[in-house]
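Engineer: Okay, so the sequence shown: first residue is 13 according to my numbering, each after it adds one.
Using N, Cα and C, we set each Cβ at its ideal position, and we do this for glycine too.
As the structure is a computational prediction, the values presented were derived from the model and not from experiment.
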Amino acid sequence: MTPPTRLPATGDRSGAVLARLQLMVTRKLDGLLQGDYAGLLPGPGSEAGESREYRPGDDVRRMDWPVTARTTMPHVRRTVADRELETWLAVDLSASLDFGSARWLKRDVATAAVAALAHLTVRGGNRIGAVVGTGVGTYARLPARAGRKEAQGLLRAVAGTEIRPGRSDLGALTDMLNRPPRRRGVAVVISDFLAPPQQWGRPLRKLRVRHDVLAVEVVDPLELELPDVGVLPVVDPESGELHEVQTSDPRLRRRYAEAAAARRGAIAAELRTAGAAHLRLRTDRDWLLDMVRFVAGQRHARTRGTTR
13 MTPPTRLPAT
23 GDRSGAVLAR
33 LQLMVTRKLD
43 GLLQGDYAGL
53 LPGPGSEAGE
63 SREYRPGDDV
73 RRMDWPVTAR
83 TTMPHVRRTV
93 ADRELETWLA
103 VDLSASLDFG
113 SARWLKRDVA
123 TAAVAALAHL
133 TVRGGNRIGA
143 VVGTGVGTYA
153 RLPARAGRKE
163 AQGLLRAVAG
173 TEIRPGRSDL
183 GALTDMLNRP
193 PRRRGVAVVI
203 SDFLAPPQQW
213 GRPLRKLRVR
223 HDVLAVEVVD
233 PLELELPDVG
243 VLPVVDPESG
253 ELHEVQTSDP
263 RLRRRYAEAA
273 AARRGAIAAE
283 LRTAGAAHLR
293 LRTDRDWLLD
303 MVRFVAGQRH
313 ARTRGTTR
């Protein structure tokens, strides 16, 4: 098994490493979002625009009833996106993120996602801010500011955050993006979503009422299936408990894979119910390539749904 490659620890994480990370982001993501919408999710915006005929799959909340009444054909109102966008990140850095069995630790992928999101949104006067959870009841708020220098400062603050024992309340962390109320923008929740869906599902649905919501799920391959490596000692990063797992038992590996698939299915179902866009990043894959494909897919789906 390939040992995990991790960014430098909190104490010796240098500006050169973050600069190299941002260079990786720039090479693959720059230019993807040149257009009317300045953020990661090329969404419908908030200012009224022209109308067009309704198509299956359109949001019924955007029905243009006056035009529908005049033409006797269902119409929806297109909207023009705001020129200045405010993006807020909820970054879950619970102890379970300090784990990885492939190229990266989950924490590193979460930090890389923050770097990519900052690069994609901080242009044209757009602002980006974050709330960070690092254990039970421990939260930090980084105010939304415009400019690349401020975005780099936010990235350094997230990268330098110390992970504490325990699991932060993902529901409370998400709900912090609702307070105080803000004008329509983009809200991004970055987590492994291992907390029960009933804890964070309702705050996410509440967030979706006003904002375009993106959920970035960070996954390690060992969370999906166990390899056959004999007795495997594992430590719960949140409780510190040590367990020994007999991975040579095929029935155990099958039950583990089935339980893992059921959990990921429940996460995906809850995110769909909340109306959030869902991006899954894995520690054993090229996360930048996955993000590029996601953004391109979002743009294609949005364009196909709003043009003749």
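Please tell me whether D296 has its Cβ less than 8 Å away from any Cβ of chain C.
Structural biologist: Protein chain content of the structure displayed is limited to a single chain, and chain C is not contained in it.
Engineer: Look at V198 and D224 and say whether their C-beta atoms are less than 8 Å apart.
Structural biologist: Within the sequence shown, numbered from 1, the residue matching residue 198 stands at position 186. Within the sequence shown, numbered from 1, the residue matching residue 224 stands at position 212. Taking 8 Å as the Cβ cut-off, V198 and D224 qualify as a contacting pair.
Engineer: Note down, in chain order, each residue of its chain lying with its Cβ closer than 6 Å to the Cβ of E98, except the 5 sequence neighbours on either side.
Structural biologist: Locating residue 98 in the sequence shown gives position 86, where the first residue counts as 1. Excluding residues within five positions, the ones whose Cβ falls inside 6 Å are R139, A156 and G197.
Engineer: With a 10 Å radius around its C-beta and 16 neighbouring C-beta atoms as the bar for buried, classify Q210 as buried or exposed.
Structural biologist: In the sequence shown, residue 210 corresponds to position 198, counting from 1. The residue is exposed, with fewer than 16 neighbouring Cβ atoms inside 10 Å.
Engineer: Please report the distance separating the alpha-carbon of A142 from that of L154.
Structural biologist: For this step, residue 142 is matched to residue 130 along the sequence shown. For this step, residue 154 is matched to residue 142 along the sequence shown. Cα to Cα, the separation comes out at about 5 Å.
Engineer: Under 8 Å, with one C-beta from each stretch per pair, do the stretch 104-114 and the stretch 163-183 reach the 3-pair mark?
Structural biologist: yes
Engineer: Between which two residues does the beta strand (DSSP E) carrying L101 extend?
Structural biologist: To locate residue 101, count along the sequence shown from 1; it is residue 89. L101 -> beta strand (DSSP E) spans E98 to D104.
Engineer: Does the Cβ of R294 have 16 or more other Cβ atoms within 10 Å, making it buried, or fewer, making it exposed?
Structural biologist: Residue numbering aside, residue 294 sits at position 282 when the sequence shown is read from its first letter. The residue is buried, with at least 16 neighbouring Cβ atoms inside 10 Å.
Engineer: Taking the CB atoms as reference points, tell me whether V201 and L291 lie closer together than 8 Å.
Structural biologist: Residue mapping note: residue 201 aligns to position 189 of the sequence shown, counting from 1. Residue mapping note: residue 291 aligns to position 279 of the sequence shown, counting from 1. No; because the gap between Cβ atoms is not below 8 Å, this pair is not in contact.
Engineer: Applying the 10 Å Cβ sphere with the 16-neighbour rule, what's the burial state of T319?
Structural biologist: Position 307 of the sequence shown holds residue 319. Confidence at T319 is low in this model, with a pLDDT of 40, below 50, so the placement of that residue should be treated as unreliable; the coordinate-derived value is given next. Classification of T319: exposed, given that the 10 Å Cβ count is below 16.
Engineer: To the nearest angstrom, how far is the alpha carbon of E235 from that of F205?
Structural biologist: One-based indexing of the sequence shown puts residue 235 at position 223. One-based indexing of the sequence shown puts residue 205 at position 193. For E235 and F205, the distance between alpha carbons rounds to 12 Å.
Engineer: Tell me the DSSP secondary structure of V307 in three-state form.
Structural biologist: As a first step, residue 307 is located in the sequence shown; it is residue number 295 there, counting from the start. Taken through DSSP and simplified to helix, strand or coil, V307 comes out as helix.
Engineer: Where does the unbroken alpha helix (DSSP H) through T130 begin, and where does it stop?
Structural biologist: The count along the sequence shown starts at 1 and reaches residue 130 at position 118. A small correction: the amino acid at residue 130 is Ala; Thr does not occupy that position in the sequence shown. A130 -> alpha helix (DSSP H) spans K118 to T133.
Engineer: Using 8 Å as the threshold, is the C-beta distance between R176 and T133 below it?
Structural biologist: Along the sequence shown, one-based indexing puts residue 176 at 164. Along the sequence shown, one-based indexing puts residue 133 at 121. Contact: no.
Engineer: What residue does the beta strand (DSSP E) around P245 start on, and which one ends it?
Structural biologist: Start at 1 with the first residue of the sequence shown, and residue 245 comes out as number 233. Note, P245: beta strand (DSSP E), V243 to V247.
Engineer: Considering only residues of the same chain and omitting the five flanking positions on each side of E237, which have a CB-CB separation below 6 Å?
Structural biologist: As a working mapping, residue 237 is identified with position 225 in the sequence shown. The residues are A269.
Engineer: Just the Cα atoms here: how many angstroms apart are R194 and A130?
Structural biologist: Your numbering for residue 194 matches position 182 in the sequence shown. Your numbering for residue 130 matches position 118 in the sequence shown. So the two alpha carbons sit approximately 19 Å from each other.
Engineer: Less than 7 Å between C-beta atoms, sequence neighbours within five positions excluded: which residues of the same chain meet that for R220?
Structural biologist: By 1-based counting over the sequence shown, the position of residue 220 is 208. Result list for R220: A286, G287 and A288, in chain order.
Engineer: Whose CA, out of R191, V230, D302 and V247, lies closest to the CA of E256?
Structural biologist: Residue numbering aside, residue 256 sits at position 244 when the sequence shown is read from its first letter. The candidate whose alpha carbon is nearest that of E256 is V247.
Engineer: Distance check for A152 and V144, CA to CA, integer angstroms please.
Structural biologist: In the sequence shown, counting from the first residue as 1, residue 144 sits at position 132. In the sequence shown, counting from the first residue as 1, residue 152 sits at position 140. Rounded to whole angstroms, V144 to A152 spans 5 Å at the Cα level.
Engineer: Tell me which residues share the same chain as F111 and place their Cβ nearer than 7 Å to its Cβ, disregarding the 5 neighbours each side in the sequence.
Structural biologist: For this step, residue 111 is matched to residue 99 along the sequence shown. For F111, where only same-chain residues beyond five positions count, the Cβ hits under 7 Å are L117, K118, D232 and P249.
Engineer: So, at 6 Å on beta carbons, what are the nonlocal neighbours of T173 in its own chain, with the 5 sequence-adjacent residues on each side left out?
Structural biologist: One-based indexing of the sequence shown puts residue 173 at position 161. Once the five neighbours on either side are set aside, the close Cβ partners of T173 are L105, V144 and T146.
Engineer: CA-CA distance, A158 and M303?
Structural biologist: Against the sequence shown, residue 158 aligns to sequence position 146. Against the sequence shown, residue 303 aligns to sequence position 291. So the alpha carbons of these two residues sit roughly 23 Å apart.
Engineer: Excluding the 5 residues preceding and the 5 following A272 in the sequence, name in chain order all residues of the same chain whose CB lies nearer than 7 Å to its CB.
Structural biologist: As a working mapping, residue 272 is identified with position 260 in the sequence shown. Cβ neighbours of A272 beyond the five flanking positions: E235, L236 and E237.
Engineer: Hey, could you find the ends of the alpha helix (DSSP H) R217 is sitting in?
Structural biologist: Counting from 1 along the sequence shown, the entry for residue 217 is found at position 205. Looking at the DSSP string, the run of the alpha helix (DSSP H) that includes R217 is P209 to R220.
Engineer: What is the rounded straight-line gap between the Cα of A308 and the Cα of G277?
Structural biologist: Translated into the one-based positions of the sequence shown, residue 308 becomes position 296. Translated into the one-based positions of the sequence shown, residue 277 becomes position 265. Answer to the nearest angstrom: the Cα atoms are 24 Å apart.
Engineer: With distances taken Cα to Cα, identify the nearest neighbour of L109 among R64, R284 and A207.
Structural biologist: Counting from 1 along the sequence shown, the entry for residue 109 is found at position 97. Its Cα nearest to that of L109, the residue A207 stands out among R64, R284 and A207.
Engineer: Considering only DSSP beta bridges, list what Q258 is partnered with.
Structural biologist: In the sequence shown, counting from the first residue as 1, residue 258 sits at position 246. For Q258, which the question treats as bridged, DSSP gives the partners V243.
Engineer: How about M75 and P68: are their beta carbons less than 8 Å apart?
Structural biologist: Taking the sequence shown and counting its residues from 1, one reaches residue 75 at position 63. Taking the sequence shown and counting its residues from 1, one reaches residue 68 at position 56. Not closer than 8 Å, so no.
Engineer: Considering V170, what are the terminal residues of the beta strand (DSSP E) in which it resides?
Structural biologist: Along the sequence shown, one-based indexing puts residue 170 at 158. Element bounds for V170: not the beta strand (DSSP E) but the alpha helix (DSSP H), R160 to A171.
Engineer: On a CA-only basis, which of A163, D71, R82 and P262 is nearest W100? Give me that one, please.
Structural biologist: The residue you call residue 100 lines up with position 88 of the sequence shown. Taking only the C-alpha atoms, the option nearest W100 is A163.
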